[in-house]
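To convert a position in the sequence shown, counted from 1, into the numbering used here, add 1. Built from N, CA and C at the ideal position, the CB exists for glycine as well.
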Amino acid sequence: MRRIAAFTLAAGSLAACASPTPPTFTAADVASSQTTYDTFTALPSTSLASMPTAGVATFSGLIGGDFTAASDADGGFIGDLDFTVDFASAQIAGTANNLNFVDDAGVPDQTLGGALTVSGTVTGNAMTATATGRLTGVYKGFSGSSNFNLGLAGVFHTKTTAADTVAGTVTGVGRGDYYAAVTNGEFYAVQQ
């Protein structure tokens with residue numbers, strides 16, 4: 002989420018005459034997300050002794066990242082991240098949706114179709130998860146879709162109560178009508 006640039010698609014074999022869905026994020030949202038991520042990662046990590054061992058908590062936040070130079074997509078993304086943590090079973094389940102591409106000035110360009118399913122586990126004060134699913138986008142009238150498989154690795158932090166926030170990194174790829182390798186990916190979420 003540090004560098005956000007314009008979204009482009011390789012136009013070969015893509016359906017024409019499509020219009021992008023208007024973005025749901027603003028440039029202010031994009032800028033604010035980085036500040037919030039930095040704030041959350043600066044919080045103290047939750048100690049192992051303080052980690053909850055029972056109960057279910059709901060977390061909401063944002064996910065995003067940039068695409069490498071090797072990607073067909075020259076840009077980045079930002080979206081909503083919602084998941085539950087069952088501390089007794091150490092399981093995580095949720096969704097990354099409302100994903101937007103943004104241009105090189107940090108202004109959202111369009112909302113992608115589809116969502117990613119989040120599934121993972123908690124070990125100690127850390128979490129690992131995958132976010133997988135098919136996303137569609139439009140560029141210059143051409144629509145295409147790719148299957149994304151992103152990895153999330155984060156640490157629980159304590160803002161007010163133990164493990165009430167989590168923040169970490171995002172890596173992975175999307176393959177299909179376009180190829181996108183995620184770099185500088187980040188996510189954060191706060192307990193609701």
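Reduced DSSP category for residue i - H, G, I as helix; E, B as strand; rest coil
i             : result
threonine 40  : helix
glutamine 192 : strand
alanine 7     : Confidence in alanine 7 is poor, its pLDDT being 36 and thus under 50, which makes the residue's placement unreliable; the coordinate value appears in the next sentence. Coil, per DSSP.
alanine 50    : helix
aspartate 83  : strand
serine 33     : helix
alanine 163   : coil
alanine 71    : coil
alanine 116   : coil
alanine 130   : strand
alanine 181   : strand
CA-to-CA distance, residue j to residue i, given in whole angstroms
i                 : j                 : result
alanine 190       : valine 86         : 12 Å
leucine 44        : threonine 159     : 6 Å
arginine 135      : serine 147        : 6 Å
alanine 70        : phenylalanine 102 : 16 Å
aspartate 178     : aspartate 105     : 22 Å
alanine 168       : serine 144        : 33 Å
valine 174        : leucine 151       : 6 Å
alanine 127       : alanine 154       : 7 Å
proline 21        : alanine 29        : 21 Å
phenylalanine 149 : valine 31         : 21 Å
proline 24        : threonine 59      : 26 Å
serine 61         : threonine 166     : 9 Å
threonine 27      : aspartate 110     : 9 Å
methionine 2      : isoleucine 79     : Bear in mind that a pLDDT of 43 at methionine 2, under 50, signals an unreliable position, so the model cannot answer this.
Buried or exposed by the 16-neighbour rule on C-beta atoms within 10 Å, applied to residue i
i            : result
threonine 47 : buried
serine 120   : exposed
aspartate 39 : exposed
valine 57    : exposed
alanine 1    : The shown model of the chain, from 2 to 193, leaves out residue 1, and the question about it has no answer.
Nearest to residue i (by Cα), restricted to the options the options
i                : options                           : result
alanine 132      : Pro21, Ala32 and Asp81            : Asp81
alanine 89       : Asp83, Gly65 and Val123           : Val123
alanine 200      : Thr137, Thr59, Ala154 and Gly186  : Residue 200 is absent from the structure shown; the chain starts at 2 and stops at 193.
valine 156       : Asn150, Gly142, Val183 and Val171 : Val171
threonine 36     : Glu187, Gly142 and Gln193         : Glu187
proline 53       : Gly107, Thr112, Ala91 and Pro23   : Ala91
alanine 116      : Ile64, Ala55 and Ser34            : Ile64
phenylalanine 41 : Ala182, Ala164 and Ala130         : Ala164
Any chain C beta carbon closer than 9 Å to residue i
i            : result
threonine 54 : Absent from the structure: chain C. Only one protein chain is present.
Extent of the continuous beta strand (DSSP E) run through residue i
i              : result
asparagine 148 : 143–158
alanine 168    : 166–177
alanine 97     : 92–103
serine 61      : 57–68
aspartate 110  : 109–112
Distance cut-off 8 Å: residue i Cβ against heavy atoms of the ligand ATP
i             : result
glutamine 193 : Although the ligand ATP was asked about, the structure shown includes no ligands whatsoever.
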